[in-house]
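Residues 0 to 834, numbered by numbering that gives the first Met the number 0, are exactly what the first sequence covers, in order. Virtual Cβ for every residue (Gly too), placed ideally from N, Cα, C.
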Amino acid sequence: MGQYDPRAIEEKWQKVWDEQHAFYADADPARPKYYMLEMLPYPSGTMHMGHMRNYTIGDAVARFRWMRGFNVLHPMGWDAFGLPAENAAIQRGIDPREWTRLNIAEFKRVLKRFGFSYDWRKEISTCEPEYYRWNQWFFLRMLERGIAYRKKSRVNWCPKCQTVLANEQVVNGCCWRHEDTLVEAREIEQWFLKITDYAEQLLADMKEIEDGWPERVLTMQRNWIGKSKGARVRFRVEGSDETIEVFTTRIDTIYGATSVLLSPEHPLVPKLLDSGSASAQDHAEWDRLRKRVLKTEEIATAEKEGFFTGRYALNPFSGEKIPIWVANFVLAEYGTGALMSVPAHDERDFEFSRKYNLPVRVVVQPLNSAPLNGATMSVPFSEHEHGTLVGSGPYNGLSPDEAIEKMTADAEARGFGNAQITYRLKDWGISRQRYWGTPIPVIYCPKCGMLPVPDDQLPVKLPEKVDLVETGKSPLATAPDFVNVKCPKCGEMGRRETDTMDTFVDSAWYFYRYCDPHNDKAPFDEEIVRHWFPIDQYVGGITHAILHLLYSRFFTKVMRDIGLVKINEPITRLFTQGMVQKGGVAMSKSRGNVVGAVEMAEQYGCDTGRLYTLFAAPPEKDLEWSEQAIEGCSRFLQRLYRLVDAQAERLRGVKSLSYDGFDISKATLKEKILLRKAHQTLKRITRDFEQRWHFNASVALIMELFNGLHAQEPLSEGANPAVIKKVFEMMVLMIAPITPHISEELWEMLGNSGGIIKYGWPDYREDLAAEEEYEIVVQINGKVRAKLMVADGQGEEELRQLVMADPHVAALIAGKSPAKVIVVPKRLVNIVLKS
RNA sequence: GCCCGGGUGGCGGAAUGGCAUACGCGGGGGACUUAAAAUCCCCUGUCCUUUACAGGACGUGUGGGUUCGACCCCCACCCCGGGCACCA
């Protein structure tokens, strides 16, 4: 009698898989492929059980697919550039390269300890020149096509750090390291990728993936892109040649416009103020509004403020003269930075106009309620259904939708407006004034201007031993050997670009590189990528619902346009797993509530950890870590081991049941019970793995099968050992994707060799799952009143008569005549009595 | 405010419109043991009737509806979680 020794078993089988190259996946046209991907980790600190859930889910599915005969590409790599390495360097003087490599080694050790089925030959690390070289290559291709461009843009600047801050480093409008120092807005030249060119495609192509992606992720992306249809309309400024262009989705309400509002940053504001009657006070007010950087939490609740510029605009439809105001809630970056204020039909305009006593004029009257009065109404009427236009000259009587169409056309014909689609999505700013990232491959020559680094000079390598102390410039600017470079065109001395790329660039295409990770001629071989793509299943956290996944989709479209790939969308199915919590909050080092993955594995074995992770909650929900429940999982594996161990000697030499010529009707009762249970379980678990991903329910089913076996002890009596062996094998195979190590061990103990992956998933037999008799629930008026056993194969009518003939049922009916009898074969009979 | 999720025993959670609470945890009782641990067996939604065997009523956030039948579908509401949010 052996003892379940997880550590020894896990080590043993990991070695075997390694030696057999069990999970090597090479493109093979003869076999069906499956690309299983989990989001690559940022290697930092120690790995805890919160990290492991993602990989456990992915690994169970990958192993299931292997067993189903797929050739599974299941790679792993490292999102290795980024701020923490740089901060460690600044704070502790460690080389970011060194720090990152140590972390990777640690992460890799943990992943190996858990026996995940990765093809480690495919490993990539984004901070290595072999990888980021292709970031640079993609950048150059985008530069050629005008997708990469430079423009001045506002950044967060901390005057104390003398450096640029990322948005997440701004806390309450102050620097994260200097809580008393307000962050300033500064304009500097930055590189952008024109994702807005693809806004429409990113929206439209969602229909290719909507069956495989969670609806909420698609909704979040849709909102992020923020398409809105409307019109641009130009208002002339009275007494000047200037015009103000506004964007509106409700051109139908233009007769109700009672002011034009400009964003404080609008370029026309200074001109209007200088040439008008603006007082010094107005200028001061303008300054105040312009400088105010609102904290994110404040934006929604902030008081609306503004002032009159002293100038008027002319409504191009009515010719009416309306005042031009500057208002703090008008966004400079959206639309045209100016809008027409229609207080009667817009909540924000209403609030603003009431505050400053600007007139409110109703131009759309609701059809379903009493007519509104602008002077007295307390809530604007903003819906565009169920309304009709009034006070709008020739457009009176139209519905808003009709009016929008007609007025847009008229504006266009009369030359003061046009239809316009506006997106919330902005171009992707990729410049980072940081060291630990991909250098942007551009050279500035005093004679020739900005030039791309020629392809044959890639990669532009990150220099080593750079002084990372903040100076207000990009760290690379302080490395003369890096900066000073000959112009590739004229040979004069020029300067390299010293900004590095956003790390989202790294992760926007890494999954392509996995297919062909060592290619030094191209980012990847197109044919190999064609074999593996699209990704069949991607698993990761909901935190990446927008940026990473949107950028990945964008990159694929650009790659398609370059001619590298032929697909529109890289990811067919996406799954977002829940977080692992302890004490109701996500595990994190800073909270001090982490359960170390290695510690867990040493105490219970990684199979127990994997089992618990999948059993404790459905994979999409958050999971609360419970030490007691983990004990339960450990106990289950011990019982499983003991049960198999107790029979192993007897069964080892027995040939497992062959279905050829096997007739279940001749089997013993014990055999029938066990075979049926096993096949019923198999049917449901197969479905759980293939479609539903209810792994917690799968585990429960296996536990039930186990309990069923246990209940049939002694197993050495009343059943052919070949049957017992078959059922044991099925149980072991079914749990193998979840707890692979113990499964291999038990499989071997049962006398099998060659490994589970090679053997494959068990065959399902409908005839073996079928019951000979069923318990029929008898309901009277929908309430359960009796149960009886009935042989299978009864038709509805036969079943009805059988039930009605039952003496117990007859007594319950007590002579009343049934008004209706509902019969559900194999399940129930509901007798409806007249009341 | 808008858009998604979700609300089931003491807890984590099961349930193609068909026996609500599978499976696990916890709890109670028992067996084994000198004892404990481990292991094994039994019980474990609430209330009521009954000496007992049994039986009944209620029960999936609340209120309605559809249906022979609703945790599941529809309507309204309450609560919790998440996302977005002056986007004109």
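Residue 393 sits exposed, since fewer than 16 C-beta atoms from the chains shown fall within 10 Å of its C-beta.
The C-alpha of residue 212 is placed about 42 Å away from the C-alpha of residue 289.
The Cβ atoms of residue 41 and residue 78 lie closer than 8 Å to each other.
The beta carbon of residue 341 lies closer than 6 Å to those of 252, 255, 256 and 348 in the same chain, with the five residues before and after it left out. Residue 559: member of the alpha helix (DSSP H) spanning 546-561, first to last residue. For residue 416 and residue 410, the gap between their C-alpha atoms comes out near 5 Å. Considered as a whole, the region 314-352 harbours 320-326 and 337-340 as its complete beta strand (DSSP E) runs of no fewer than 3 residues, in chain order. Between residue 329 and residue 343, the C-beta spacing is not below 8 Å.
Counting C-beta pairs closer than 8 Å gives fewer than three between the region 588-606 and the region 561-574, which falls short of the contact rule. Pairing residue 778 with residue 793, the inter-Cα distance amounts to about 18 Å. For residue 148, the enclosing beta strand (DSSP E) begins and ends at 147-157. Bounds of any alpha helix (DSSP H) do not take in residue 93, whose DSSP letter is neither H nor E.
Residue 513 carries a coil assignment under DSSP once its states are collapsed to helix, strand and coil. With distances taken between CA atoms, residue 357 lies nearest to 374 out of 364, 374 and 390. Scanning its chain for C-beta atoms nearer than 7 Å, with the 5 sequence neighbours on each side dropped, one finds around residue 582 the residues 592, in chain order. Selection 196, 331 and 378 evaluated against residue 351 yields 378 as nearest (Cα-Cα).
In the structure shown, residue 371 falls within a coil segment according to DSSP collapsed to helix, strand and coil. Inter-residue distance for residue 131 and residue 147 is about 17 Å (C-alpha atoms, whole angstroms). For the pair residue 70 and residue 25, the Cα-to-Cα distance works out to about 8 Å.
DSSP places residue 393 within a helical segment (H, G or I) once states are collapsed to three. Taking a 10 Å sphere around the C-beta of residue 315, we find 16 or more other C-beta atoms and assign the residue as buried. In the three-state scheme derived from DSSP, where H, G and I count as helix and E and B as strand, residue 785 is classed as strand.
Residue burial annotation: residue 28 is exposed, with fewer than 16 other C-beta atoms found within 10 angstroms of its C-beta. Within the DSSP bridge table, the entry for residue 185 names 154 as partners.
In this structure, DSSP gives residue 742 a helical state, which the three-state scheme calls helix.
Bridge pairing for residue 124: 77 [DSSP]. Minimum Cα-Cα distance from residue 440 among the listed residues 557, 513 and 143 corresponds to 143. Here residue 502 is buried. Its C-beta has 16 or more other C-beta atoms within 10 Å. With fewer than 16 other CB atoms across the displayed protein chains lying within 10 angstroms of its CB, residue 20 is exposed. Taking each of 218, 190 and 188 in turn and checking the Cα distance to residue 202, the smallest one comes out for 218.
In the DSSP assignment, residue 420 falls outside any alpha helix (DSSP H) and within the unbroken beta strand (DSSP E) covering 416-421. Contact holds between the region 725-736 and the region 649-657, because three or more Cβ pairs, one in each stretch, are under 8 Å apart. Per the DSSP secondary-structure output, residue 364 pairs in a beta bridge with 387.
Secondary structure note for residue 518: it is in no alpha helix (DSSP H), with a DSSP letter that is neither H nor E. Residues 718 and 722 of the same chain have their beta carbon placed closer than 6 Å to that of residue 670, with the five preceding and five following residues left out of the count. Residue 429 sits close to residue 500, with the two beta carbons spaced by under 8 Å.
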